[in-house]
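The opening position of the sequence shown corresponds to residue 1 in full-length UniProt numbering, with each subsequent residue numbered one higher.
Just below is one structure, and these are the notes that go with it.
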Amino acid sequence: MIKEITTFQKNKNFLICIDSDGCAIDGMTIKHKECFGPSLIEEWKLQPYENKILSYWNHINLYSMSRGINRFKGLLLALDYINESGYAQIDTAVLKEWINTTKELSNKSLEQEIALKDNEVLKKALNWSNRVNEKVESLPPEKKLAFEGVTESLKEASQYADIAVVSSANLQAVEEEWSSNHIIDYVDVVMTQENGSKSDCIKQMLKFGYDNKNVLMIGDALGDINAAKDSNVLYYPILVNQEIYSWKRFRDTILNSFLQNRYEEKWMELCKKEFEENLSHNK
């Protein structure tokens, strides 16, 4: 059952927004290493420079403060790196303009831009994105499992708060992965790249009448923290390579503090500092 915002109804006074890849679903690393990066090499025929380009791709998408960046923004960074390194000369001006002006960083939006501008790099970006989706869909379910502790956390939290998935991935992938892991039943609404940025998604949810102090964003990347700050809501970071510990702490400590309005700014800043230190050690 598709759980889009058009059919959502507010049921509780608290709202918990949760990122998907790398946060709830252990699929982020495998997707970048087996789908995103290799598809970039294939689409632009960059096999002679494969090792260095893949190393850069994995760094910006997994092991730096840009972890969790939207796929098209990550692509632009990678293409700029390829140009600067002299591996190829790719004119990214039109792609950059679309990224900076579109309201929706998605395949659908890119298709609409291509209809207006017959640009080769835009076409290749769409081909790359479609290739990525095909590779992701072909990954076996055991490579896209929920982290240990996620099911229990959602089961507990959903008794007291509405649950929203807020992801920069596409809707179909999120729905399939949360369904195959049997955690979609604890979710009230799924918001993805088709709904705009994560900040846009949170702000759309706030329109249903939640008090900002009653909204928590859970994520594994700086973008999740920034989306929460931009929307003036609370956040809780999932630590890279310490996801099981992070979810256990959420279930044992953070959830109750949040529901009692005791999850304050100082506590959040301590979590953010811990997150930044952890990410710097996982390069």
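Glycine included, every Cβ here is placed at the ideal spot set by N, Cα and C.
Bear in mind the structure is a predicted one, so any value in this text is a computation, not a measurement.
Pairing V215 with S153, the inter-Cα distance amounts to about 16 Å.
In the DSSP assignment, M191 falls outside any alpha helix (DSSP H) and lies within the beta strand (DSSP E) extending over V189 to M191.
Each residue's CA atom was taken as its position, placing N83 and L171 some 32 Å apart. DSSP, read as helix, strand or coil, puts F14 in strand. For D200, DSSP records no beta bridge to any residue. With distances taken between CA atoms, D224 lies nearest to V165 out of K123, V165 and K117.
Of all alpha-carbon atoms in F8, E4 and S20, the one lying nearest the alpha-carbon of F147 is that of S20.
The stretch 123-138 makes contact with the stretch 72-90, as at least three CB pairs between them are under 8 Å.
Beta bridge pairing from DSSP links M217 with C17 and Y235. Scanning L95, P48 and E111 for the CA closest to the CA of S85 turns up P48. Around the CB of Q193, 16 or more other CB atoms lie within 10 Å, so the residue is classed as buried.
D118 sits in coil when the DSSP states are folded into three classes, being neither helix nor strand. By the beta-carbon neighbour count (other beta carbons within 10 angstroms, threshold 16), D162 is buried. A Cβ-Cβ separation of about 28 Å leaves L139 out of contact with A88 under the 8 Å criterion.
Collapsing the DSSP output to three states places V240 in coil.
A residue is called buried once 16 or more other Cβ atoms fall within 10 Å of its Cβ, and G209, having fewer, is exposed. A Cβ-Cβ distance of about 4 Å is found for the pair S158 and Y186, placing them in contact under the 8 Å criterion.
Positions of the alpha helix (DSSP H) runs, each at least 4 residues long and wholly inside the stretch 7-70, are given as 28-31, 37-44 and 50-62 in order along the chain.
A Cβ-Cβ contact shorter than 8 Å links L15 with M205. Per DSSP, D185 lies in no alpha helix (DSSP H) and is assigned neither H nor E. In the structure shown, D162 falls within a strand segment according to DSSP collapsed to helix, strand and coil. Inter-residue distance for V240 and Y56 is about 18 Å (C-alpha atoms, whole angstroms). The alpha carbon of T7 has as its nearest neighbour, out of K213, K229 and V189, the alpha carbon of V189. Counted as a single uninterrupted DSSP element, the alpha helix (DSSP H) harbouring F258 occupies residues L255 to L259. Contact fails between the stretch 256-274 and the stretch 28-43, because fewer than three Cβ pairs, one in each stretch, are under 8 Å apart. Taken through DSSP and simplified to helix, strand or coil, L139 comes out as coil. Take P237, set aside five residues on each side of it, and the residues of its chain with a beta-carbon closer than 6 Å to its own are C271 and F275, in chain order. Beyond the five residues adjoining it in sequence on each side, S66 comes within less than 7 Å, by CB distance, of I60 in the same chain, given in chain order.
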